[in-house]
Structures are given as structure tokens and as C-alpha cells.
Amino acid sequence: YYQPKYKSTNSIYGFEALIRWVHPQRGIISPLEFIPIAERSDQIYDIGKFVIDNVSRQTKKWLDEGYELIGSINLSSKQLEHESIISDIKNALHNSKLEPKYLELEITESTMMKNEQKSIEMLNRIKDIGVLLSIDDFGTGYSSFNYLNEMPVDTLKIDKTFVSGIDKEDEKYKIADTIINMANELDIAVIAEGVETYEEFEALESAKCNKYQGYYFSKPLTLNEFNKLL
216 YYQPKYKSTN
226 SIYGFEALIR
236 WVHPQRGIIS
246 PLEFIPIAER
256 SDQIYDIGKF
266 VIDNVSRQTK
276 KWLDEGYELI
286 GSINLSSKQL
296 EHESIISDIK
306 NALHNSKLEP
316 KYLELEITES
326 TMMKNEQKSI
336 EMLNRIKDIG
346 VLLSIDDFGT
356 GYSSFNYLNE
366 MPVDTLKIDK
376 TFVSGIDKED
386 EKYKIADTII
396 NMANELDIAV
406 IAEGVETYEE
416 FEALESAKCN
426 KYQGYYFSKP
436 LTLNEFNKLL
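Taking this note's numbering, I'd label the letters of the sequence shown as residues 216 to 445.
Now the structure itself:
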């Protein structure tokens, strides 16, 4: 599934690829349910490779059709610890002929914190390939701000816990405003995720956020639905 990402001009500039398991009896099974199992069984490496290959190929197809989109993929902590992630990314880019600047990898703050120094080393190696790096769920972890200095982060995603009700709760507004100002100082882009109402969007606009993702704009879409939206 592909969830569009919007600029404040209401134009789509990219998407987040979200894997779903469509089970013949149980219907759609959430990744919250099957990803931990895949990590324990080491199937996460095959799933991760499948996602990187497919997203690279699909992003290249849209680029060739004239749509300049950045495809985003979530990396799990297990993938980040494994050497194969480097070759998986390189091979996917090579096989799809996709330029690295159109592929973005999203890593949660908690994943970063599990083994901060090792994570930074691995992410720097990934960054050397030329892809974009985004920190997901920003503001929720007990994060060290060191990594913002030590690692070339391109984007911070303001976690939806700070976005939900931001128009009604002053503290949430202050947190989002602080993140946006800090990111601007560091020349890092900011996207708010989980935007569900016009009022939340309006509050974020006033804090000078300029990139958005969430149900107010669009739910995650099938390939056909996303094509229609384009």
C-alpha cells in the first residue's frame, strides 16, 4: 500500500510504502502483528528485500511516466544490524535503474537508540549510497541529539502523538514548533504524520510545517488507487 505525502501546496511529492498481509481467511493482517514474528524468524530479511526491490521498481516506473516522487521504506532494527541491507539497497537501485535520491529510508527513533553508535555507522554507510534518510516518530524516544550531528539526516517526521489534537493542546503545538525551528536551523526537512483534521493541518501550517501525511489528505492506497490519484 502507498500512502501519499503532500507539500502544503497540496501536491504529492512522495509516498510511504506500507506492507500488508492479505490473508485468505483473516483478511488484512496488520504489520504490528506479523513483523515481530518475521523478525524473530529472520524472515524480515526476505520481506525487507522484497519491499526495497518493489518500491525501487515502482518509483522508477512513476518517474518514467513523468511523476517526480520519492519512495519511502521503513527499516526495522533487525535489518539495520545486518550487513545484507547495503547490498540489498545497491542491487535494488542497480536493477531498477532508480537514482538514489528518489529512495528514502525511514528509521524510528527507538531503533536508533537500541545501539546508537552501531546504528550511526550503518546509516552513514547507507547514506554514502546516496539515498535519503528520515527519522520516524521523532520526539517519542529518549533520544540523544548527537545523531543529528553525526549522521546526515534529511527529514524528521513529527510523531502523530504530537499532531493529534495540536489545534487544541498548546503543549503539543509548542513541541511541534520547537522541532520545526530546530530542523530549519540544521537544514533538515520536517513532515508531520498522522494529520487527520483540517484544524490540525491549519495549526501545523501556522508553525511553518510544509510537508504532511495522514488521513486528512489520504489513507494508504492500493497501486490502482494511487495511480488514479496521480
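In this text, a Cβ means the ideal position worked out from N, Cα and C, and glycines have one as well.
Worksheet item: Can you name, in chain order, every residue of its own chain whose Cβ lies under 7 angstroms from the Cβ of Val-266, other than the five neighbours on each side?
Response: Ala-232, Ile-234 and Ile-288
Discussion item. Restricting to Cα atoms, I'd like to know which of Gly-263, Lys-383 and Lys-222 is closest to Ile-301.
Written reply: Considering only alpha carbons, the answer is Gly-263.
Practice prompt. Please go through the stretch 268-350 and give each complete alpha helix (DSSP H) segment of 4 or more residues, from N-terminal end onward.
Written response: 292-295, 299-311, 324-329 and 331-343
Worksheet item: To the nearest whole angstrom, what separates the beta carbons of Asp-374 and Asp-352, a pair I think is in contact under 8 angstroms?
Response: 4 angstroms
Practice prompt. Determine the direct distance from the alpha carbon of Ile-350 to that of Ser-291, and round the result to whole angstroms.
Written response: The straight-line gap from Cα to Cα measures roughly 12 angstroms.
Worksheet item: Looking only at its own chain, which residues have a Cβ that is under 8 angstroms from the Cβ of Ser-223, when we skip the five neighbours before and after it?
Response: Glu-420, Cys-424, Asn-425, Lys-426 and Tyr-427
Fill in: Inter-residue Cα distance where the pair is Leu-438 and Trp-236
15 angstroms
Worksheet item: Could you give the residue range of the alpha helix (DSSP H) that holds Tyr-388?
Response: 385-400
Discussion item. Pairs of beta-carbons, one from the stretch 336-345 and one from the stretch 299-314, closer than 8 angstroms: are there three or more?
Written reply: yes
Discussion item. I'd like to know whether the C-beta atoms of Gly-242 and Ile-285 end up nearer to each other than 8 angstroms.
Written reply: no
Worksheet entry | Spatial distance of Ala-307 from Glu-319 (CA atoms) | Cα to Cα, the separation comes out at about 13 angstroms.
Worksheet item: Taking just the CA atoms, how far does Glu-283 sit from Ser-325?
Response: 31 angstroms
Worksheet entry | Cβ neighbour criterion (16 or more within 10 Å) applied to Asp-303 | Counting Cβ neighbours within 10 Å, Asp-303 comes out buried, since at least 16 surround it.
Worksheet entry | For Glu-411, the three-state DSSP class (helix, strand or coil) | coil
Item to complete: Report, in whole angstroms, the separation of the C-beta atoms of Val-410 and Tyr-388, which I expect to be a contact under 8 angstroms.
Response: With a Cβ gap of about 14 angstroms, Val-410 and Tyr-388 do not count as contacting.
Worksheet item: How many angstroms separate the CA atom of Glu-248 from the CA atom of Ile-259?
Response: The straight-line gap from Cα to Cα measures roughly 13 angstroms.
Worksheet item: Would you report the Cα separation of Phe-441 and Arg-255, rounded to the nearest angstrom?
Response: 32 angstroms
Discussion item. Taking 7 angstroms as the limit between beta carbons, can you name the residues of its chain near Glu-365, skipping five residues before and five after?
Written reply: Ile-335
Worksheet item: Skipping 5 residues on each side, what residues in its chain have a beta carbon closer than 7 angstroms to that of Thr-355?
Response: Beyond the five residues adjoining it in sequence on each side, Thr-355 comes within less than 7 angstroms, by CB distance, of Glu-324, Asp-374 and Thr-376 in the same chain, given in chain order.
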